[in-house]
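Here's the structure we're looking at; comments come further down.
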Amino acid sequence: MYRGQTSLNITMPGDYRKAAERLFPRDGFTRGQKPDLKAAGDFSKALGIGIEYQRLLAMDKSSGELRIFLEQFQNNLDLLIKKTWVDKSDENRKGKLQDEIPLFMSTIGQADNIKAINEFSDILDELAYLFFGAQSEKDDFTEYTFRIDAQMGLFWWYSGKLELLNELNDKNVDKSDKTLWAVLLLGLCYLTNF
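Each residue of the sequence shown is one higher than the one before, counting from 2 in our numbering.
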């Protein structure tokens, strides 16, 4: 799929480029470095979810309101998957993806943010395929989505960058790290409001 794309050499509006490069540096993360909360907050504004994102980020992960949000995310994601029009041969992909959602939600509940980010990255790859078909597997996929809508392009760019956080798994980063939760919450919030 498009995951391997790490270049920012795509047509991206200047404000988005600044927010994007702060969240995921052009040269990747150096030793001991990870995304920071300010960069995630700026990125949320570029995605058009800033207020809702900040409200959710401030909540305790065990709060009832956050649980309601996660249920809304799950319901909206399920609806998005059901509403995609795919060839009959791709119906199995839809069913498989729907089966992955409860496991992903369980990982979120366990506060294993590194594993949740990895699972979310896989979910987004499949979701991109269901939305865009074979186009999602092309090298210019992110650029293609930017031409459709700048914020949507930024979201799919973010989706392709999540795998960079796999490196943190080997660097003894706390799996419940708040910064990792902040990065994951960006995608959850965007898709809940999609």
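Using N, Cα and C, we set each Cβ at its ideal position, and we do this for glycine too.
What residue from the options has the CA that sits closest to residue i's CA?
i, options, result
"A112", "G188, N167, K62", "K62"
"S90", "L131, V184, F25, L104", "L131"
"I102", "K83, P36, G134", "K83"
"L81", "Q99, E66, F121", "Q99"
"D140", "V87, Q55, G161, D178", "G161"
"G96", "N119, E72, E127, F121", "E127"
"S177", "Q75, G110, E144, E72", "G110"
"V184", "G65, L104, F74, N114", "N114"
"G49", "N119, A20, P26", "A20"
Just to check my reading of the structure: residue i and residue j have Cβ atoms closer than 8 Å, yes? What is that Cβ distance to the nearest angstrom?
i, j, result
"L181", "L166", "7 Å"
"A47", "Y17", "5 Å"
"L125", "G29", "L125 to G29, Cβ: 19 Å. No contact."
"F121", "L163", "7 Å"
"P14", "A151", "6 Å"
"M106", "Q73", "With a Cβ gap of about 12 Å, M106 and Q73 do not count as contacting."
Which same chain residues end up closer than 6 Å to residue i when comparing Cβ atoms and leaving out the 5 residues on each side of it in sequence?
i, result
"G116", "The sequence given here places Lys at residue 116; Gly does not occur at that position. Taken in chain order, the residues that qualify are T108."
"P146", "Sequence check: residue 146 is Thr here, not Pro. Only M153, G154, W157 meet the Cβ criterion."
"N77", "T193"
"I118", "L163, L166, L185"
Can you give me the Cβ contacts of residue i inside the same chain, cut-off strictly under 7 Å, excluding the 5 residues immediately before and after it?
i, result
"L24", "P36, A40, A41, F44"
"E53", "C190, N194"
"L57", "L67, F70, L186, C190"
"T85", "K95, L131, F132"
"D79", "Q99, I102"
"M60", "E66, L67"
"E92", "none"
To which residues of the same chain is residue i closer than 8 Å at the C-beta, ignoring the five residues directly before and after it?
i, result
"K179", "L38"
"Q55", "G42, S45"
"G51", "G42, S45"
"S8", "Interpretation of S8 is limited by its pLDDT of 46, a score under 50 that renders its predicted location unreliable; the figure taken from the coordinates is listed afterwards. If we look at S8 and ignore the five residues flanking it on each side, it has no Cβ neighbours."
"V174", "K35, I115, L181"
Please check if any C-beta of chain C sits within less than 7 Å of the C-beta of residue i.
i, result
"S137", "Here chain C cannot be found, since the structure has a single protein chain."
What ranges does the alpha helix (DSSP H) occupy inside the stretch 27-61, keeping only unbroken runs of at least 4 residues that lie completely in it? 38-48, 51-58
Any chance you could list the alpha helix (DSSP H) runs of at least 4 consecutive residues sitting entirely within the stretch 54-125, in chain order? 65-84, 92-110
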